[in-house]
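Under our numbering, the first residue of the sequence shown is numbered 22, with each subsequent residue one higher. A short write-up of the structure that comes next.
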Amino acid sequence: MAVYNSKYRELKFYVDGELHAFSSGSFSTTDAKAIAVLDNLADATRVEEAKAEAKTEEAPKTKPKAPAKKSSGK
């Protein structure tokens, strides 16, 4: 999925005669034709290639530490 941002909140563009619009300055798509059009728009900037790739690059989780042992109450 490709994600694009625009300085205009509701930028609109056509792909094969079909109207598409940004919502709050953001637009996401998996359509190759829409991606080709957006890559050529001066007012649209590509932000993210794919969310799936970003999720796989997360830092490995570390094991939680064992709870501290209680001292004897002598």
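Don't be surprised by glycine CBs; every beta carbon is placed ideally from N, CA and C.
Nearest to residue 58 by C-alpha distance, out of 35, 31 and 46, is 35. When DSSP states are grouped into helix, strand and coil, residue 55 belongs to the helix group. Under the DSSP assignment, residue 30 falls outside any beta strand (DSSP E); it carries neither an H nor an E label.
Relative to residue 66, the option among 46, 41 and 91 whose CA is nearest is 46.
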